[in-house]
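Visitor:
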Amino acid sequence: MIKPRVRFAPSPTGPLHIGGVRTALYNYLFAKKHGGTFILRIEDTDQTRFVPGAEAYIVEAFKWLNIEFDEGVHVGGACGPYKQSERKAMYKQYAVQLLESGWAYYAFDSAESLDMLRKAAEAEKKNFQYDVHSRLSLCNSLTLGAEEVSAKLAADEPYVIRFKFPENRDITVRDLIRGDVIVNSNTLDDKVLYKSDGMPTYHLANIVDDHTMDITHVIRGEEWLPSAPLHVMLYHAFGWEAPQFAHLPLLLKPDGNGKLSKRDGDRLGFPVFPLEWHDPKSGEVSVGYRETGYVPQAVVNMLALLGWNPGNGQEVMTIEEMTALFSIEKINKSGAKFDPEKAKWFNHKYLQMMSNELLAHAFAMQLAEKNINESEERILKVISLVKERINFTKDIWEQSAFLFEPPQQYDEQVIKKRWKSDTPEHLQAIAAILTEEKPFCKEHAHNRTVAWIQDNALNMGQIMNCLRIALVGAAKGPDLFEIIDFLGVEEVTRRIKRAISIIALS
RNA sequence: GCCGCGUUCGUCUAGUCGGCCUAGGACGCAAGGUUUUCAUCCUUGAAAUCAGGGGUUCGAAUCCCCUACGCGGUACCA
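Start counting the first sequence at 62; every next residue gets the next number (the numbering used here).
1) Inspect the beta-carbon positions of Lys-320 and Ser-347 and report whether they are closer than 8 Å.
2) Find the nearest neighbour of Gly-349 within the set Val-221, His-339 and Ile-100, judged by alpha-carbon distance.
3) Ends of the alpha helix (DSSP H) at Arg-529?
4) Considering only residues of the same chain and omitting the five flanking positions on each side of Ala-359, which have a CB-CB separation below 6 Å?
5) Hey, would you say Pro-287 sits closer than 8 Å to Gly-368, going by beta carbons?
6) According to DSSP, simplified to helix, strand and coil, what is Gly-549?
7) Counting beta carbon pairs with one atom in the stretch 542-560 and one in the stretch 485-492, are three or more of them shorter than 8 Å?
8) Just to confirm the assignment, what range does the beta strand (DSSP E) spanning Gly-30 have?
9) Just curious, the beta strand (DSSP E) that Val-244 is in, first and last residue?
10) Taking 8 Å as the cut-off, decide whether the C-beta atoms of Arg-148 and Asp-270 are in contact.
11) Where does Phe-424 sit, in a helix, a strand or coil, going by DSSP?
12) Just reading off the alpha helix (DSSP H) that Gln-621 is part of, what are its end residues?
13) Could you tell me the boundaries of the beta strand (DSSP E) in which His-78 lies?
14) Whole angstroms are fine: how far does the CA of Phe-547 sit from the CA of Gly-80?
15) Roughly how many angstroms lie between the CA atoms of Arg-351 and Leu-336, to the nearest whole one?
16) In chain order, what residues of the same chain lie with their CB nearer than 7 Å to the CB of Glu-497, ignoring the 5 residues before and after it?
17) Here's the rule I'm using: 16 or more other beta-carbon atoms within 10 Å means buried, otherwise exposed. How should His-78 be labelled?
18) What's the gap between the Cα of His-297 and the Cα of Lys-187?
19) Return the CA-CA distance between Leu-101 and Ala-139, expressed in angstroms with no decimal places.
20) What's the C-alpha gap between Phe-387 and Leu-254?
21) Going by beta-carbon coordinates alone, are Glu-437 and Ala-423 separated by less than 8 Å?
22) Alpha carbons only, please: which of Arg-230, Pro-71, Leu-312 and Phe-226 is nearest the one belonging to Leu-295?
23) Candidates Cys-527, Thr-510 and Pro-71: which alpha carbon is nearest Trp-285's?
24) Is DSSP giving Ser-257 helix, strand or coil here?
25) When the Cα of Met-415 is compared with those of Glu-382, Ile-451, Asn-432 and Pro-73, which residue comes out closest?
26) Check this for me: beta carbons of Leu-313 and Ala-207, under 8 Å apart or not?
27) Between which two residues does the alpha helix (DSSP H) harbouring His-297 extend?
28) Nearest-angstrom Cα distance between Leu-522 and Phe-463?
29) Whose C-beta lies closer than 6 Å to the C-beta of Arg-509 among residues of the same chain, with five residues either side of it excluded?
30) For Ala-307, count neighbouring Cβ atoms within 10 angstroms of its own Cβ and tell me buried if that reaches 16, exposed if not.
31) On the three-state DSSP scale, how would you describe Ser-562?
32) Start and end of the alpha helix (DSSP H) containing His-487?
33) Hey, how far is the Cα of Ile-128 from the Cα of Tyr-118?
34) What does a CB cutoff of less than 6 Å around Met-363 pick up in its chain, not counting 5 residues either side in sequence?
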């Protein structure tokens, strides 16, 4: 295969959705697999939907995800500029070229008049289309005389340029995932290519850019499949060779049907965006994978498997492994429901593979925010104690807070079950045993404590759980003597006293 | 409405050219074990009559047709 050139072309209308991230990822995987080029192009032809900060967000998101572009708005390249608003001047000539070759025409109908036609059709449960059937009864250069058209243009009347579909032609879209999709031109509408504000629409700009940037493969979401016949015809009209198409299945909401949306994330409690996003207009904040404590590699891995599968049973893999295994033929045809539980599982797996040093570094930052100072050695110790219990980096604190501060409260269920009238004296006896241990050795302390419990014919589970309650506040957490070792006997004694007084009061 | 795409355990999926599929794996779920706690981890299990109905064939999840359902599109948005 010749080295492919692919592109990811988002429009800067808000934060990048994980569906978009997956589309970009598949483009990236495909390009890397075949030694090709991966390009980031910003499609901002709709000035009314422009959102400040969105472009920077997109760039930052890919940086965090470690998905690198070879060419693009932020890195430049030989086919720049990579932002459509900056290429504005070049589109008109292509629209004119189509006008001259008879593949397009001027249309002067106002948005309002078309709106009325649409409403009227809707009332009859029909659909109004600007197409082969209707264009001869509308106001355009096909129905108006040549002088009339030039007069309107000379008078600066607003106009759009529409594509003129040939009559009754079967158009074949050759899709790498779906095979041949055939659509008759009579069912297609004459899409606007050039808007009255002097900007091209997506359709024109997209084709012109893909051609001038030598794009070989267009890998994009399934929502573009309906307009693919238009694109195929556009290439034909220009006399250009069309790139190969691959329309990706959609990412669906976890419950029910339909496209995954920000709403679903809010409702079910999982991020839909890679990074946290602050909407400049509404001030609304959307949670991000990064801020939730996801490992970028885990996000990439999880996303890759939503709609693609190498077929070898392997699920956890590096991006290099994915690249080696990737093929468009193995992409599924049907939409994939997003599963927050599996996303969590992936993150857990990646956290376990991460070095303790790296996790300690992340945790040290969390501690700094809480003004807690601990030695590197002790932080590393904490990591070794809680690592296997965490799904997100933010869980480290949740799982280890009791190592830094006494329990805020004591689990009443456990107290009710295990705390007896003689518990205080038993705990004090254990405190005494621990204090005698000098230097403190957790194995030895453990053995002596167990021996003491047995010698006094006491219930092991009852005593140990009460001790745990006194130190941790709940019946959970790592090995008790590891905790005692970390806390130090003095702190342990203090906590036992504290627990006895507080629990006695309640 | 019209056009297009899709349909294997609850979910993500394996299933190349029909037989090795009494449909495999993973997540989740359940039970047991480990941990005198909880989580992790390990083992086992339940879970898809391969959307439904017709064909073709000795034989179909795999090929053909129909139906149903779901989704996407139907803008001077991308």
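Glycine included, each C-beta is placed from N, C-alpha and C at the ideal position.
Guide: Taking the coordinates as given:
1) no
2) His-339
3) 521-533
4) Phe-407, Asn-408 and Tyr-411
5) no
6) coil
7) yes
8) Summary: the structure shown does not reach residue 30, with the chain confined to residues 62 through 567, and so no result is reported for it.
9) 240-245
10) yes
11) helix
12) Outside the displayed span of the chain (62 to 567) sits residue 621, for which this structure offers no information.
13) It is not in any beta strand (DSSP E) - His-78 carries neither H nor E in the DSSP assignment.
14) 45 Å
15) 6 Å
16) none
17) buried
18) 31 Å
19) 13 Å
20) 35 Å
21) no
22) Phe-226
23) Pro-71
24) coil
25) Ile-451
26) no
27) 289-299
28) The residue you asked about is not Leu; residue 522 is Gly in the sequence shown. Approximately 21 Å between the Cα atoms of the pair.
29) Ile-494
30) buried
31) helix
32) 484-497
33) 14 Å
34) Ala-404 and Phe-407
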